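Numbering (mature numbering (1 follows the signal peptide of the UniProt record, and there is no 0)), first residue to last: -33 to -1, 1 to 495. Every residue, glycine too, gets a C-beta built ideally from N, C-alpha and C. None of the values given here were measured: they were computed from a predicted structure. The structure appears right after this line, and notes come after that.
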């Protein structure tokens, strides 16, 4: 009846001055993000490694520019971190944080590409940013800091164990959600072994030096205008032993600000082009808005197309994703944030019998339900590492359908609340408020738009008024992040068929609209 082709492979970038490619693989150990870690006396490498497959592409950057993409096979990551040389291998080692909250170590001691990784923790989906802050503890190994969705900052000191390389976490701060980008730097200020740089929403850059116990000094401002970049990256580009600041523009140009070792930096130097289309860079200051970054459009005849984002506020030419999804057979269709660690967005439909299906799920089965008037897949709403679905029934009740591994829609709906039939549109894909929790927006027939912030427990906070005039659009969708800054955006179609982008600002509001599609968008029955 219909065919379904999988979404495009997502590009990932590991920005390394040495030009070293990343190799990946699998071994299972467990420690929660907040739990304790058993110390060992040497970097003894674990045995019993299990090889797994996943789809991922990695590129490297050197002083001469961008090298070719290297297909590595599998999982998509919220974040990639270069933690330097801690294993017995000859190259740098890497950490990867998956969407489901696994923290994985990719030691250089495993021949690359080998398909091997060490799972060193779980529960890391509670953090909306993780960064390497140099070596405050002074043991010669990289330490981590992580910010949770409540704005609390945690310090993970390193220890002498390859299977459990970090000690139990220690809280070192609160109210850190005032910053939209956080990067760590070793020897940025030689008065401290590690430093944390933070950018606020107005573009000011602040420096915090870390003590040996992870506590931070009072902040001092070291720059303004840094919101010209959609990503900040921590990297010792010139290999002088001082962590530098890298900035990527929306156009994809990469600039280096070389640290002077006393808490300052030199004027910028252009070091690379062509990075606009990459949605993750090792050491970046903001986790990417995971698992979407595209627009799905369906025609009345059932043909479905995908418009992938370029990460710079524009979209690619459409590609047909499938056919046979007629409105008569499938009254509702919506693309969702990726239901699993593979990074591919889901496609949820409600058939004429009222059964919900995720056509991109690796599991099987749907469930008989009430006939829904709206279905949305905004991401992980209950903080379990799996993307969820919300649905409104014809009586106006809103239900949470919790995601499971593989994306199958089999969970029992849980009531969120009533009265949602006052809205003609409900959309969402990822974080709109800067806390790392998925949010939604809703519009009334009169054109008022409201934000409902996710609380991380499957519920939403009280609504906040965003603005009016949205009745002038015939269609509205949340495509995830189209601008490469890690913040969720909106797109809308006007009566002339033009497509407009509203870039998310990370504070529950949206910037000035930009036209990204000149005509023809009213030819689609729905977009998501």
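- At the C-beta level, residue 204 and residue 188 stay beyond 8 Å of one another.
- DSSP, read as helix, strand or coil, puts residue 389 in helix.
- Looking only at 287, 431 and 90, the smallest Cα-Cα distance to residue 474 is reached by 431.
- Annotated as distal: residue 197 and residue 402, with beta-carbon spacing of 8 Å or more.
- Taking the Cα of residue 153 as reference, the smallest distance to any Cα among 131, 229 and 214 is reached at 229.
- Proximity to residue 478 across 426, 399, 464 and 491 peaks at 399, based on C-alpha coordinates.
- If you compare the alpha carbons of 131, 216 and 200 with that of residue 241, the shortest gap goes to 216.
- DSSP, reduced to helix, strand and coil, places residue 439 within a helical segment of the structure shown.
- By the Cβ rule, the segment 206 to 222 does not count as touching the segment 129 to 142, because fewer than three pairs are nearer than 8 Å.
- Going by C-alpha positions, residue 147 is about 26 Å away from residue 443.
- Going by C-alpha positions, residue 119 is about 23 Å away from residue 193.
- In this structure, the alpha-carbon of residue 476 lies about 44 Å from that of residue 54.
- C-alpha of residue 97 to C-alpha of residue 164: approximately 13 Å in a straight line.
- Note on geometry: alpha-carbon atoms of residue 385 and residue 321 lie some 20 Å from one another.
- Going by DSSP, residue 58 is part of no beta strand (DSSP E) at all; its letter is neither H nor E.
- Sequence-distant partners of residue 339 (beyond 5 residues in either direction) whose C-beta falls short of 7 Å from its own C-beta, in its chain, are 299, 317, 358, 359 and 360.
- DSSP places residue 188 in the uninterrupted beta strand (DSSP E) bounded by 187 to 190.
- In this model, residue 355 and residue 94 are separated by some 18 Å (Cα to Cα).
- Taking the Cα of residue 449 as reference, the smallest distance to any Cα among 282, 312, 466 and 369 is reached at 282.
- At the C-beta level, residue 161 and residue 201 stay beyond 8 Å of one another.
- Under the DSSP assignment, residue 426 falls outside any beta strand (DSSP E); it carries neither an H nor an E label.
- The beta-bridge partner set that DSSP reports for residue 303 consists of 313 and 344.
- Residue environment for residue 389: exposed (fewer than 16 other C-beta atoms within 10 angstroms of its C-beta).
- Excluding its 5 nearest sequence neighbours in each direction, residue 61 has C-beta neighbours in its own chain below 8 Å: -20, -12, 47, 48, 49, 50, 72, 73 and 249, listed in chain order.
- The shortest C-alpha to C-alpha distance from residue 103 to any of 87, 58, 179 and 83 is the one to 179.
- Inter-residue distance for residue 111 and residue 101 is about 8 Å (C-alpha atoms, whole angstroms).
- Residue 156 holds the alpha-carbon nearest to the alpha-carbon of residue 209 among 397, 156, 458 and 363.
- When only Cα atoms are considered, residue 481 and residue 470 end up about 8 Å apart.
- Residue range 322 to 325 is occupied by the beta strand (DSSP E) that includes residue 324.
- The closest CA to that of residue 269, considering only 290, 115, 286 and 134, is found on 290.
- In this structure residue 466 is buried. Its beta-carbon is surrounded by 16 or more other beta-carbon atoms within 10 angstroms.
- In the structure shown, residue 69 falls within a coil segment according to DSSP collapsed to helix, strand and coil.
- Between residue 261 and residue 273, the C-beta gap is smaller than 8 Å, which places the two residues in contact.
- By DSSP's assignment, residue 221 forms a beta bridge with 215 and 239.
- When secondary structure is reduced to three states using DSSP, residue 490 falls in the helix class.
- Around the Cβ of residue 183, a 10 Å sphere holds 16 or more other Cβ atoms; the residue is buried.
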